[in-house]
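Engineer: This is the structure I want to talk about, given as structure tokens.
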Amino acid sequence: MKKLSLLSVGAAATLFASSALSQAILTAETGPPGTVPFTAMTTLAEFAANGDVADFQVADSQTLTNSLQNVAEGKTDVSGAPLILTFLMSRGAGPYAKLGKDAGAELIDNVRVLYTYNYGGFGLYAYNSASVKGWDSVKGKTILNGPPRGAALTNSRGILTIVSGADEGKDYKGLQVNWGQMAKTISDGSADGMMLPITFPDNRITRSLAAGDITLWSVPKDVWEAEPMQKYINSPGTAGISFDLKDLPPQEGLTIVSEDGIWRSPTTVAAEVVNKSMDFDTAKALTATMLKNVDAFLSKSPIMATTNMGKTDPEVSGLCGAVPVKYHPGSVAAFEEAGIEIPDCAKP
285 MKKLSLLSVG AAATLFASSA LSQAILTAET GPPGTVPFTA MTTLAEFAAN GDVADFQVAD
345 SQTLTNSLQN VAEGKTDVSG APLILTFLMS RGAGPYAKLG KDAGAELIDN VRVLYTYNYG
405 GFGLYAYNSA SVKGWDSVKG KTILNGPPRG AALTNSRGIL TIVSGADEGK DYKGLQVNWG
465 QMAKTISDGS ADGMMLPITF PDNRITRSLA AGDITLWSVP KDVWEAEPMQ KYINSPGTAG
525 ISFDLKDLPP QEGLTIVSED GIWRSPTTVA AEVVNKSMDF DTAKALTATM LKNVDAFLSK
585 SPIMATTNMG KTDPEVSGLC GAVPVKYHPG SVAAFEEAGI EIPDCAKP
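Structural data, given as structure tokens:
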């Protein structure tokens, strides 16, 4: 096995390189350290370098809304991308409104999927000393609900509306800050509660416990089973995640509330995406790298255990339906050689 070296090449970039100096370097963009997209991308980079598949120059802490567009325009080779963003780009909507529908549809046609995974979940949480005491107490409060733009903010707003009946601007004040400021904003009391993406364990919650005990609320069972939430978790780029809370190790200072001990929440489904111009062999080798090492991906960090890495069932992968992107032909070949079926609706 080649020796892996990690070299600082910029403010937010790391070079994952083998000793095979002739290997091409793929540029990649991902989210901040400690998150699912960061762990997924850097694990791929590590195994790809060690396997002499490719070397990666990874820029972290990126806004994936912009990263997806960079891949579509051929400026970046690989990026994490919440699938809701591919839908919005295809419509020239949301953060891509300035592109317009025609340009957005043209751009998203350049994007292909290597494999998918989910980001963990979404939850409402607050310090025990705060005024938010559950889903029914957010009205009139200030809720930290994500960065200024992107899939996390869109989902946080939508979920809070379904569960609590509260709309931002009308019923509560939304507070948005960049990811790098999130932990500080949680702990400094700027918000009464947080409606944010979470993992198990969650790095932001873990850091914030230093300022006091926290309660995290699961989506109530009756709300989960009702039509609005079921429709939501079947919307583009979204799926449902549920598991027994007894499977989680206890965390001092954190109380997770569920009436029956089952965690339920929507999850953002994402993918590692590439430009359709990526050659067949490279896309196949990158996907095969994940498949050969999927157990290592899922155990790389505790937050990865519930991510459904590389699952191809559309109900889990989030592909097909209104999501416009499909697998790269090389990725399809890697899955099929591993004996994993790709549904026709997800093939290019």
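So in the working numbering, spot 74 of the sequence shown is number 358, and the numbers just go up one at a time. All C-beta atoms in this analysis are idealised placements derived from N, C-alpha and C, irrespective of residue type, glycine included. Predicted model, so just to flag it, every value in this text is computed and none were measured.
Could you tell me which uninterrupted beta strand (DSSP E) segments, each at least 3 residues in length, are contained entirely in the segment 534-619, listed from first to last along the chain?
Structural biologist: Within the segment 534-619, the complete beta strand (DSSP E) segments at least 3 residues long are 538-541 and 546-559, listed from N- to C-terminus.
Engineer: Secondary structure at L398, three-state DSSP: helix, strand or coil?
Structural biologist: The three-state secondary structure of L398, taken from DSSP, is strand.
Engineer: Using the rule of at least 16 other Cβ atoms within 10 Å of the residue's Cβ for burial, across every protein chain shown, is S583 buried or exposed?
Structural biologist: S583 sits exposed, since fewer than 16 C-beta atoms from the chains shown fall within 10 Å of its C-beta.
Engineer: Could you pull out every residue in the same chain whose Cβ sits closer than 7 angstroms to the Cβ of T590, ignoring the five residues on either side in sequence?
Structural biologist: Answer for T590: G404, F484, I525 and F527, listed in chain order.
Engineer: Which residue wins for smallest C-alpha separation from V342, given the options N334, Q353 and A329?
Structural biologist: A329
Engineer: Going by DSSP, what residue range makes up the beta strand (DSSP E) through W501?
Structural biologist: Counted as a single uninterrupted DSSP element, the beta strand (DSSP E) harbouring W501 occupies residues I498 to W501.
Engineer: Find the nearest neighbour of G430 within the set G378, M478, A332 and M593, judged by alpha-carbon distance.
Structural biologist: M478
Engineer: Using the beta-carbon count (16 or more within 10 Å), is K382 buried or exposed?
Structural biologist: exposed
Engineer: Consult DSSP for I443 and reduce its assignment to one of helix, strand or coil.
Structural biologist: helix
Engineer: Apply the 10 Å Cβ neighbour rule to K595 and answer buried if 16 or more other Cβ atoms are within range, or exposed otherwise.
Structural biologist: buried
Engineer: Would you identify the three-state DSSP class for I517, choosing helix, strand or coil?
Structural biologist: helix
Engineer: Cα-Cα, which of L500, S549, L532 and W501 is closest to I517?
Structural biologist: S549
Engineer: Give the DSSP bridge partners of D528, in chain order.
Structural biologist: I546
Engineer: Output the distance between the C-alpha atoms of E452 and D628, rounded to the nearest integer angstrom.
Structural biologist: 39 angstroms
Engineer: How do the segment 536-548 and the segment 383-396 stand: do at least 3 beta-carbon pairs fall below 8 angstroms, yes or no?
Structural biologist: no
Engineer: In angstroms, rounded to a whole number, what distance separates the CA positions of K568 and T326?
Structural biologist: 18 angstroms
Engineer: DSSP state of N462, grouped into three classes?
Structural biologist: coil
Engineer: Let me confirm a value: Q514 is counted as buried when at least 16 other C-beta atoms fall within 10 Å, else exposed. Which label applies?
Structural biologist: That one is exposed.
Engineer: Report the residue ranges of all beta strand (DSSP E) runs contained in full by the segment 302-380; include only those spanning at least 3 residues, in chain order.
Structural biologist: 309-313, 339-343 and 362-366
Engineer: Relative to the C-alpha of V665, which residue among T571, R491 and L428 is closest?
Structural biologist: Because the chain here runs from 285 to 632, residue 665 falls outside it and cannot be looked at.
Engineer: For Y411, write down the residues that DSSP places opposite it in a beta bridge.
Structural biologist: I498
Engineer: Leaving out five residues before and five after D361 in sequence, what residues of the same chain have Cβ atoms less than 6 angstroms from its Cβ?
Structural biologist: Excluding sequence neighbours, D361 sits near L310 and T311.
Engineer: Check T483 in the structure and name its three-state DSSP category.
Structural biologist: coil
Engineer: Report the rounded CA-to-CA distance for M604 versus N559, giving the unit in angstroms.
Structural biologist: Strictly speaking, residue 604 in this sequence is Cys, with Met absent from that position. So the alpha carbons of these two residues sit roughly 18 angstroms apart.
Engineer: Tell me the rounded alpha-carbon separation between V541 and S502.
Structural biologist: Answer to the nearest angstrom: the Cα atoms are 6 angstroms apart.
Engineer: The beta strand (DSSP E) with L428 in it runs from where to where?
Structural biologist: The continuous beta strand (DSSP E) containing L428 extends over residues T426 to G430.
Engineer: Bridge partners of S522, per DSSP?
Structural biologist: Note that residue 522 is Thr in the sequence shown, not Ser. In DSSP, T522 forms a bridge with T552.
Engineer: How is G418 classed by DSSP in three states: helix, strand or coil?
Structural biologist: coil
Engineer: Would you mind stating whether T323 and S492 have Cβ atoms separated by less than 8 angstroms?
Structural biologist: no
Engineer: Taking the alpha-carbon positions, what's the L532 to D486 distance?
Structural biologist: 12 angstroms
Engineer: Pick helix, strand or coil for G449, following the three-state DSSP scheme.
Structural biologist: coil
Engineer: K610 and V320 - do their beta-carbons sit closer together than 8 angstroms?
Structural biologist: No.
Engineer: How about the segment 445-464 and the segment 423-437: do they share at least three Cβ pairs that are nearer than 8 angstroms?
Structural biologist: Because the criterion of three Cβ pairs below 8 angstroms is met, the segment 445-464 and the segment 423-437 touch.
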